[in-house]
Amino acid sequence: MSQYKSLVLFILITALGACESTNKKQNKPSPRVKSVAKIESPRNGVRKTIGDTLSFKITSSNTEIKIDSVLVSNNGKSVLNDQLIWDTSKEMPGKQDLTVSVYLSNGTVEKKRHSVTLLSDIEPIRYTYRITNTFVHDPDAFTEGLFMYNNELYESTGEKGQSTLRRVDLKTGKIQKSVNLSSQYFGEGIALMNDNIYMLSYKERTGFVFNKNSFEQIRQFSYPTEGWGMTSNDNALIMSDGTFIIRFMEPENFSEIKQIKVYDQNGPIDYLNELEYVNGNLFAVRWQTEQIYIIDPDSGKVKGILDLEGIFDYSNYDRRIDVLNGIAYNKNIDRYYVTGKWWPKLFEIQLVAANNI
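Counting from 1 along the sequence shown, just add 7 to a position and that's the residue number in the working numbering.
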């Protein structure tokens with residue numbers, strides 16, 4: 008090989024090596040900018056009670072970079088005063104996902120996620136009950152929903168192939184009118200609004216609207232969660248999904264208006280099932296317990312707990328039976344009605360404050 012060709016080959020190999028080296032340098036990831044701001048307090052995930060004040064302490068790990076200012080926002084709303092103190096007295100219970108923006112002296116802004124869980128500041132009133140009457144209840148009814156209207160009892164039942172909407176004679180327990188759901192649906196809670204009865208299904212995410220008088224199905228609607236209990240106030244349908252979240256739904260298209268998170272002074276109250284709206288309070292049966300929670304529908308705070316332990320004597324009953332899951336209210340006589348899945352009895356009760364016993 009001539010000296011000229013050798014020189015050309017040498018130059019080409021050197022150039023290719025330089026290009027490869029350059030590409031490696033270009034492909035090398037940029038070093039991550041190290042955060043200098045640190046949230047010293049409150050601790051991430053800390054649990055506090057509504058009404059507590061939280062002081063934010065934020066430091067810089069770099070002595071040459073100072074903290075100019077701090078902004079803490081909750082759902083887009085600034086919550087700190089000039090002394091970096093958050094007054095939680097007007098907040099709702101539940102996990103608060105905060106955005107902490109730290110403005111530094113070098114002109115940069117560091118954003119951090121931080122959470123605080125707020126517990127209810129209310130000590131719930133404890134209630135027990137006084138039975139004022141006992142009625143026959145269909146022992147084959149897997150009760151999912153219950154309400155009273157004009158002294159008539161309306162009930163929904165579950166189980167696929169056995170799910171019904173029915174109107175029941177309170178005194179005799181006999182079914183006056185009934186309609187069956189298709190066997191693919193597991194019936195759940197019911198509510199009355201504008202002369203229509205709304206009914207949920209369990210996991211099928213499909214609801215039904217029936218004419219109150221004829222029980223003729225008017226339409227169907229859908230929702231993105233499981234369906235458990237349902238009731239209504241003057242403006243909205245109110246539904247549970249087995250968690251601690253209660254949703255308020257618009258009746259025409261069943262879009263969500265708002266939601267509340269149900270908390271007492273110790274934490275969230277989950278497994279909320281059958282619902283009843285009574286005189287501005289929301290009553291919720293807690294699944295697999297004999298307790299009914301009385302909830303502030305504006306905040307989600309638990310105001311009271313009705314303990315129905317022992318209302319039905321299981322010891323002398325040898326047929327199949329399941330949990331408490333039915334509550335209705337008769338405003339004409341100020342009485343509550345409670346029953347359960349496959350229970351043979353329905354109880355008319357008065358609430359009694361436990362400290363009055």
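Quick reminder that beta carbons are idealized off the backbone N, C-alpha and C, glycines included. Quick caveat: nothing in here was measured; it's all calculated off a predicted structure.
Item, Value
"Straight-line gap, residue 161 to residue 87 (C-alpha atoms, nearest Å)", "50 Å"
"Closest Cα partner of residue 258 within the set 239, 48, 247", "239"
"Alpha carbon of residue 141 to alpha carbon of residue 189, nearest angstrom", "32 Å"
"Beta-carbon spacing of residue 261, residue 198 below 8 Å", "no"
"Cα-Cα separation between residue 177 and residue 288, rounded to whole angstroms", "24 Å"
"Integer Cβ distance of residue 295 from residue 321, believed to fall under 8 Å", "About 14 Å; that fails the 8 Å criterion."
"Alpha carbon of residue 136 to alpha carbon of residue 118, nearest angstrom", "52 Å"
"Segments assigned beta strand (DSSP E), at least 3 residues, entirely inside the region 155-202", "159-164, 171-175, 182-187, 194-200"
"Helix, strand or coil at residue 362 according to DSSP, with G and I counted as helix", "helix"
"Residue 156 vs residue 312 beta-carbon contact at 8 Å", "no"
"Range covered by the beta strand (DSSP E) that runs through residue 239", "237-239"
"Nonlocal neighbours in the same chain, by C-beta distance under 6 Å from residue 166, ignoring five residues either side", "149"
"Candidates 273, 274, 252: closest to residue 265 by CA position", "252"
"Residue from 82, 169, 78, 347 with nearest C-alpha to residue 116", "78"
"Start-to-end residues for the beta strand (DSSP E) that takes in residue 93", "92-94"
"Backbone secondary structure at residue 147 - three-state DSSP", "coil"
"CB contact flag (residue 126, residue 60, <8 Å)", "no"
"Other residues of its chain near residue 91: CB distance less than 7 Å, five sequence neighbours each side excluded", "62, 63, 77"
"Residue 45 - DSSP class collapsed to helix/strand/coil", "strand"
"Contact check, residue 200 vs residue 244, beta carbons under 8 Å", "yes"
"Beta-bridge pairing of residue 110 - partner residues as DSSP gives them", "76, 116"
"Proximity to residue 107 [Cα-Cα], best of 123, 326, 298", "123"
"Among 324, 355, 293, the one whose alpha carbon lies nearest that of residue 338", "355"
"For residue 232, the three-state DSSP class (helix, strand or coil)", "coil"
"Span of the beta strand (DSSP E), counted from its first residue to its last, around residue 316", "Taken as a continuous stretch (DSSP letters only), residue 316 belongs to no beta strand (DSSP E), as it is neither H nor E."
"Extent of the continuous beta strand (DSSP E) run through residue 296", "That residue, residue 296, is in no beta strand (DSSP E); it is neither H nor E in DSSP."
"Beta-carbon spacing of residue 353, residue 297 below 8 Å", "no"
"Close beta carbons around residue 113, own chain, < 6 Å, minus the five adjacent residues each side", "72"
"Which residues DSSP lists as bridging residue 216, in chain order", "205, 226"
"Proximity of residue 203 and residue 225 at Cβ, strictly below 8 Å", "yes"
"Per DSSP, the bridge partner or partners of residue 343", "336, 356"
"For residue 330, the residue or residues it bridges with in DSSP", "For residue 330, which the question treats as bridged, DSSP gives no partner whatsoever."
"C-beta neighbour in chain D for residue 184, strict 8 Å", "As a matter of chain content, chain D is missing from the structure shown, which is built from one protein chain."
"Other residues of its chain near residue 152: CB distance less than 6 Å, five sequence neighbours each side excluded", "163, 196, 197"
"Close beta carbons around residue 233, own chain, < 8 Å, minus the five adjacent residues each side", "209, 210, 212, 248, 249"
"Inter-residue CB distance, residue 74 and residue 68 (contact presumed, cutoff 8 Å)", "Between residue 68 and residue 74 the Cβ distance is about 11 Å, and since that is not below 8 Å, they are no contact."
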